[in-house]
Amino acid sequence: MSPLVWVLVAVVVVLALVVGYLLGTRGSSEEAAGQAPAQAAATSSTAASGQLSLEEVTAKLTPGKNFADGKGDPQLWGPGGELNSNEDILNVHRRNPTDPFAIGAVDAPVVISEFSDFECPFCSRYANQTEPGLISKYVDSGLVRIEWNDFPVNGPHAVEAAKAGRAAAAQGKFYEFKEALYTASRDINGHPEFGIEDFVRFATEAGVADIDAFRAAATGDTYDSILDEARSYASSIGITGTPSFLVGDAFVSGAQPSEVFESTILEQLNKVASGEVTVPAPHA
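Below, the structure written as structure tokens:
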């Protein structure tokens with residue numbers, strides 16, 4: 001589907017997110033200042049009546065088995081299916097077996113679609129302080145899959161970093177590159193403004209095999225139009241800041257504490273366990 005059509009049909013999805021504003025907010029914080037307040041299709045607390053504990057809900061679910069291997073199409077972007085109505089919100093999650101920007105099982109009960117920027121200090125905070133715990137507790141167990149979406153909105157350095165990320169993805173090392181970059185920016189106040197030599201260092205740390213090919217792809221124009229499309233897509237579905245997350249069918253804005261993500265994940269797992277939400281089949 002073309003970006004123009006996405007812009008038109010995504011209005012319905014945006015309305016679904018706006019409902020989250022009306023129903024309540026989730027954990028506004030200083031790091032989310034300037035962004036929309038956290039919102040969700042379901043905003044009940046983890047103590048909601050009738051909600052199962054993690055142990056109880058896990059016993060009722062089938063964890064995903066088909067884990068991502070990091071290999072796939074480095075030009076991939078966009079949703080996994082059509083966005084024509086509120087019911088299509090889960091199609092934001094690609095669930096593509098050949099997605100090099102995903103970690104976790106393609107058939108996991110819950111997918112987190114992350115919209116991030118390598119220049120964003122709060123994205124770095126999330127990557128260093130929150131994501132590792134989510135991976136060890138939920139992703140490695142097959143309960144959750146995380147899918148990265150480029151949203152490079154913090155100037156030219158953000159675009160260059162996104163190109164480097166895709167150059168690493170072309171060699172099956174996106175997540176390793178992402179980890180190296182965010183580790184390097186962990187103690188930097190503000191935007192890191194990394195350049196090509198930094199990216200080459202991160203790629204080497206990540207185990208990218210052909211550094212010459214990486215450098216050429218990171219500095220060339222291979223991914224320029226793809227990143228324009230990815231940025232337009234994110235904006236068209238109501239993403240206004242980084243980091244932003246769609247956790248199942250619930251929206252979380254900003255580098256919220258781990259507790260916010262865990263509460264939302266538990267709500268979404270309960271929806272799947274109760275049959276309120278059906279896990280879509282992986283998209284081709």
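Counting in full-length UniProt numbering, the sequence shown runs from 1 upward without gaps.
All C-beta atoms, glycine included, are put in the ideal place defined by N, C-alpha and C.
Small disclaimer: the values here were computed from a predicted structure and weren't measured.
Just to confirm before moving on: does the CB-CB distance between residue i and residue j stay below 8 Å?
{"i": "P152", "j": "R231", "result": "yes"}
{"i": "V200", "j": "R186", "result": "no"}
{"i": "S116", "j": "P243", "result": "yes"}
{"i": "R145", "j": "V106", "result": "yes"}
{"i": "G70", "j": "G104", "result": "no"}
{"i": "A273", "j": "L61", "result": "yes"}
{"i": "F202", "j": "A218", "result": "no"}
{"i": "A206", "j": "E229", "result": "no"}
Rounded to whole angstroms, what is the Cα-Cα separation between residue i and residue j?
{"i": "F118", "j": "L181", "result": "8 Å"}
{"i": "A102", "j": "F194", "result": "23 Å"}
{"i": "D198", "j": "V277", "result": "43 Å"}
{"i": "D259", "j": "D140", "result": "Inspection of the sequence shows that residue 259 is occupied by Glu rather than by Asp. About 18 Å."}
{"i": "N149", "j": "A68", "result": "16 Å"}
{"i": "E56", "j": "G238", "result": "34 Å"}
{"i": "E87", "j": "K178", "result": "32 Å"}
{"i": "P132", "j": "S85", "result": "33 Å"}
{"i": "G190", "j": "A127", "result": "15 Å"}
{"i": "P257", "j": "A158", "result": "24 Å"}
{"i": "A162", "j": "D224", "result": "9 Å"}
{"i": "T98", "j": "E147", "result": "12 Å"}
{"i": "L83", "j": "S236", "result": "11 Å"}
{"i": "V279", "j": "N66", "result": "14 Å"}
{"i": "L134", "j": "G50", "result": "24 Å"}
Tell me which same chain residues have a C-beta within less than 6 Å of the C-beta of residue i, skipping the five on either side of it?
{"i": "Q75", "result": "I226"}
{"i": "L52", "result": "N270"}
Mark residue i as exposed unless 16 or more other C-beta atoms lie within 10 angstroms of its C-beta, in which case mark it buried.
{"i": "A59", "result": "exposed"}
{"i": "C123", "result": "buried"}
{"i": "S188", "result": "Correcting the residue type first, residue 188 is Ile in the shown sequence and not Ser. Under this definition I188 is an exposed residue."}
{"i": "P192", "result": "buried"}
{"i": "S136", "result": "exposed"}
{"i": "G142", "result": "buried"}
{"i": "T130", "result": "buried"}
In its own chain, which residues sit with a C-beta less than 8 Å from the C-beta of residue i, not counting the 5 before and 5 after it?
{"i": "F245", "result": "I112, S113, E114, F115, F251, V252, S253, F261"}
{"i": "W96", "result": "According to the sequence provided, residue 96 is Asn. The question's Trp does not apply to it. Here the set comprises G72, L76, G80, A102, V106, P282, H283, A284."}
{"i": "I196", "result": "E160, A164, R215, A218, T219"}
Leaving out five residues on either side along the sequence, give the residues of the same chain with a beta carbon under 7 Å from the beta carbon of residue i.
{"i": "T222", "result": "none"}
{"i": "F174", "result": "G70, P100, F101, G165, A168"}
{"i": "Q35", "result": "Interpretation of Q35 is limited by its pLDDT of 40, a score under 50 that renders its predicted location unreliable; no figure is taken from the coordinates."}
{"i": "I265", "result": "V110, Y138, V144, V247"}
Compare the C-beta of residue i against all C-beta atoms of chain D and say whether one is closer than 8 Å.
{"i": "N96", "result": "The question asks about chain D, but that chain is absent: this structure has only one protein chain."}
Would you check if the segment 91-107 and the segment 63-79 touch, i.e. whether three or more CB-CB distances between them fall below 8 Å? yes
Counting pairs of Cβ atoms below 8 Å between the segment 161-176 and the segment 249-264, do you hit three or more? no
Counting beta carbon pairs with one atom in the segment 205-214 and one in the segment 136-154, are three or more of them shorter than 8 Å? no
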